[in-house]
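Throughout, this note's numbering is defined as the position within the sequence shown, counted from one, plus 932.
Below: the structure, in structure tokens.
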Amino acid sequence: MIGTRWVRGTACTAMTALVCWTLSACGKPPAAPAGIAPETVADYVHAVIEADRIFYTVHVVERLQKKGKIVASENWRAKDTLPLPAQFLMESSDLASKTGTKVQYRLIGAWPINPLNGAASEFEKKGLESVQAHPERPYTETVMSETEQVFRALYADRAVSQACIGCHNGHARSPKRDFKLNDVLGGIVITIPLARAVHEGS
């Protein structure tokens, strides 16, 4: 008879002996889980943002505009139209910030239609240059603010559909009008707090 062993705080019986055998922690007290690297967390957050945004752009905005049913516009609240994909991201970021999470994200343009959506720091300027040259990898940094250490990652923002290209190439205030499919339009900046530098009562 196979004795009882512990894997992650769960007793292993004969039915789970094979699983126990394959785990190096079998027979040992469960170790404290290691923290997830901020680069990995940023990749997870970015994957969700990109999946939502691509689906919205391709299967909602572009699909409905092709059918002539409804369009996306800058003044979507006043005109009862769909938000532009960039506004969709901005609104979702605003909603996420109201949940109490300290993870922040924003969209910036290398050639922004709205100047307020341009690079706001040296990190963002260098990041946009980096993802233009190497769009397959994010530009990152870890810095200390007044109260905490933060990790920042800037990912390339590509023109994933004709709706992206049509908006940027056709807008009257656009500083660049020759975008092609999959061109880098700008970047998505994700900021994650790591640890507090100042502790109360210390």
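For each residue, glycine too, the CB sits at the ideal point set by N, CA and C.
* Touching or not, the region 1080-1088 and the region 1103-1112, by the rule of three or more beta carbon pairs under 8 Å? -> no
* **Bridge partner(s) assigned by DSSP for R1069** => For R1069, which the question treats as bridged, DSSP gives no partner whatsoever.
* Asked: DSSP state of R1105, grouped into three classes?
  -> coil
* Please name the residue in E971, V973, T989, N1007 whose C-alpha comes closest to that of Q1094. => T989
* A1118 (DSSP reduced to helix, strand or coil) -> In the sequence as presented, Ala is not what sits at residue 1118; that position holds Gly. The answer is strand: DSSP assigns G1118 an E or B state.
* **Whether F1083 touches I1124 by CB criterion (9 Å)** => yes
* Asked: Is the Cβ-Cβ distance between R985 and L1021 less than 9 Å?
  -> yes
* To do: Can you tell me which of the three DSSP states A1088 falls into?
  => strand
* What are the boundary residues of the alpha helix (DSSP H) that includes L1039? -> Careful: L1039 lies outside any alpha helix (DSSP H), inside the beta strand (DSSP E) at 1036-1041.
* Asked: What residue from K999, K1001, A1127, L1014 has the CA that sits closest to T1074's CA?
  -> A1127
* Asked: Tell me the DSSP bridge mates of A1004?
  -> L1014
* Asked: Based on Cα-Cα distance, which residue from G1041, I1040, S1024, L1039 lies nearest to K1033?
  -> Position check: residue 1033 holds Thr in this sequence, whereas Lys was assumed. Minimum Cα distance to T1033 is reached at S1024.
* Status (buried if at least 16 other CB within 10 Å, exposed otherwise) for G1118 -> buried
* Please determine, among S1077, T1072, V1063, T1079, the residue with the shortest C-alpha to C-alpha distance to D1115. => V1063
* Taking the Cβ atom as the reference point for each residue, do H1002 and L1014 lie within a distance shorter than 9 Å? -> Sequence check: residue 1002 is Ile here, not His. In contact: I1002 and L1014 (Cβ atoms closer than 9 Å).
* Asked: What residues match up with V1075 in a beta bridge as DSSP calls it?
  -> V1082
* Asked: Would a C-beta distance cut-off of 9 Å place V1121 and R1038 closer than the cut-off?
  -> yes
* Apply the 10 Å Cβ neighbour rule to H1100 and answer buried if 16 or more other Cβ atoms are within range, or exposed otherwise. => buried
* **Collapsed DSSP secondary structure at T1123 in the structure displayed** => strand
* Asked: Leaving out the 5 sequence neighbours to the left and right, which residues in its chain are closer than 7 Å to P970 when beta-carbon positions are compared?
  -> F1083, I1124, L1126
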